[in-house]
Every structure is written in C-alpha cells, then in structure tokens.
Amino acid sequence: MSQRGRERNGPGDKSRLRLDAAAGLRHKSGMDSSILKTVGFIHTHVHSAYSLREGAISVETLVKRAKADDAPAVAITDTNNLFAALEFSEKAAKAGVQPLIGAQLTVDFGDAPAGGFSRLTERNLARGSIVLLAQDERGYINLMRLVSQVWLLPGDGDEAHMRYDALNDSGGLIALSGGPSGAIDRLLSAGAADLARARLERMQATFGDRLYVELQRHDESPANEAALLALAYERGLPLVATNEPYFAAASDYEAQDALLCIAEGALITTAQRRRLTPE
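Just so you know, we're using the numbering used here here: the sequence shown kicks off at 3 and counts up by one.
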C-alpha cells in the first residue's frame, strides 16, 4: 500500500530502526519478538476516501489490500469524521480482518507561544492533529462524542476542531501523537521544542500508558525523528511507526495529486502547495 513518503523498514534496510504497532507494545510490555514477526506491520493511521478531498482509498480496496497482505487488523483514521466506521466494520469483519476504528482529530491546545507571531500563526501553532483509536465500547462512545464536538464547536468560517479539555474523559481511547502534521511534530518544525515537550507531558497526563509517540519516515533523514525519540525516551513513552496512506497504489498518485489541488483551489503547477509522494 502506498503512503505519504516511504517507510524504510524493509529487508534491504535492516540497519535502520524497525518499528510497528506491535513494536510500540513491546517497548512497554516486553512483548516476545516472535509475536512481532508473526503479526508484522499493522496500519494504524490510514485515510480512506471518507477523508474528504484528501483520501482516495475506498473501504473495499483497503480491506482487500489488508487481506492480501495477511494483516490480522487494519485501522481507518479519517480526518475529523467517522463516516467509514459502519461500512468498514462490516466489510473487514466479513473478510476476517479486525477493524480498528479511529479518527484523526484537530485539537486546539490553547498553548500557542505569545509574542513574535501573527494571530494566524499563533492559532496554527496552538492546533495540531492527534490520532485516537477505540480500544473498547467506552472508547468508541467517547470517540463519537469527540468527533461531534469537532463540528459543533467552531464558529462560522473556522475550521473543524475541538478544545483540548474535551479529552479529559478519554477512557477507552489510544492516542498517537499524529505524525508530521501532528500536535508535537508541528511545534518541533517551528523550533518550539520546549512547548512540544510541555504538550507531550500534558497528553501523557491525559492518556497515561495509552499514548504513543508516532514516527513516519518519508525522507532519508526525517527532520524530527531524533527529537521525537529523545522526548519518548525522556517520558518513558512507547513508539509506533505509521505510513499514513492516502491512496492504495502508485498508479493512483496523479489522481490523488489532482484531488489535493481541488481541495486547495490550486493548480498542479503551483509550487507552494500540499503534496504527497508517488511511493
């Protein structure tokens, strides 16, 4: 399955750190390595076509690809919605693949650094995405509540988001730090390492041992990986590697790129716009 950038953890790259959803659990609980070899890589951060104007993987295709890869489970974590939840659950269960229900939610942490930034920049720094996965019925109920708040809170002209205090009741939810556009990476990229550390501490206080620091390798030298690893080890937090796929095959890249242009009102030839990679 294709993704935003290439996750370099294959047989030809054994010298580099190999992590996956199960590896995060091993970091915390001493899971036997034989279990990791049996389970393999499980996608825990995936955008389906229900990630409107950005995702291009149909639920049917996602389930078929997971089944073909002998994946015991796969997640859907669409942006700020649960539109795919019912269809995904039914089709995955029918195919013998465990459906992991989640969402990538935009959170306003209300902690933007004061001074030196425009109002828009301060707002953007205060907000970031996190991934929430339901681990039980309570978690799914909380996830539905939070997704509703994402759309009920914002005023006219504002983007979908929720306030951080809505996460105070987060029982039954597993949290990932969100990847390159996430709540922690965004601050590291802006040079706000101290604020990133404080935000991660805040998330750990909320989620406890259900919080994972998310790593993605879309480049030869991921810009924030060293800082993320340092923060995770400093706080005793487990790691999880994700690919965050938006489309299923390299042949879908051009259509996906056009979709992003439509979403932003941009041209394919526009230099400064959001782009994924063909891989």
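From the three backbone atoms N, C-alpha and C, an ideal C-beta is built for every residue, glycine too.
According to the neighbour-count rule (16 or more other Cβ atoms, all chains shown, within 10 Å of its Cβ), is A260 buried or exposed? By the neighbour-count criterion, in which a residue is buried when 16 or more other Cβ atoms sit within 10 angstroms of its Cβ, A260 is exposed.
Just list the residues that DSSP pairs L213 with in beta bridges. The secondary-structure analysis by DSSP pairs L213 across a beta bridge with A177.
Buried or exposed by the 16-neighbour rule on C-beta atoms within 10 Å, applied to I78: Counting Cβ neighbours within 10 Å, I78 comes out buried, since at least 16 surround it.
Among T46, S53, G174 and A94, whose alpha-carbon lies nearest the alpha-carbon of T63? A94
For P247, count neighbouring C-beta atoms within 10 Å of its own C-beta (all shown protein chains included) and say buried if the count is 16 or more, exposed if not. In this structure P247 is buried. Its beta-carbon is surrounded by 16 or more other beta-carbon atoms within 10 angstroms.
Host beta strand (DSSP E) of S131 (start-end): Here the beta strand (DSSP E) through S131 covers R129 to A136.
Looking only at its chain, what residues have a beta carbon closer than 6 Å to the beta carbon of W175, apart from the 5 residues adjacent to it on each side? According to the sequence as given, residue 175 is Leu; it is not Trp. So the list reads L134, G141 and N144, once near-sequence residues are dropped.
Given a threshold of 16 other Cβ atoms within 10 Å of its Cβ, counted over all protein chains shown, does T40 qualify as buried or as exposed? exposed
Label L178 either buried or exposed according to how many other C-beta atoms from any shown protein chain fall within 10 Å of its C-beta, with 16 as the threshold for buried. buried
Under 8 Å between the Cβ atoms of L262 and E56? yes
Could you give the DSSP three-state label for Q274: helix, strand or coil? coil
Going by DSSP in three states, I78 sits in which element: helix, strand or coil? strand
Does any residue of chain B bring its CB to less than 8 Å from the CB of T40? Of the protein chains in this structure there is only one, and it is not chain B.
The alpha helix (DSSP H) spanning I2 covers which residue range? Lying outside 3 to 281, the shown extent of the chain, residue 2 is not represented and no answer is given.
Could you check what DSSP says for L54 in three-state terms: helix, strand or coil? coil
Nearest to H220 by CA position, among T244, E266, E256 and W153, is which residue? T244
Hey, would you say S183 sits closer than 8 Å to F209, going by beta carbons? For S183 and F209, no; Cβs fall outside 8 Å.
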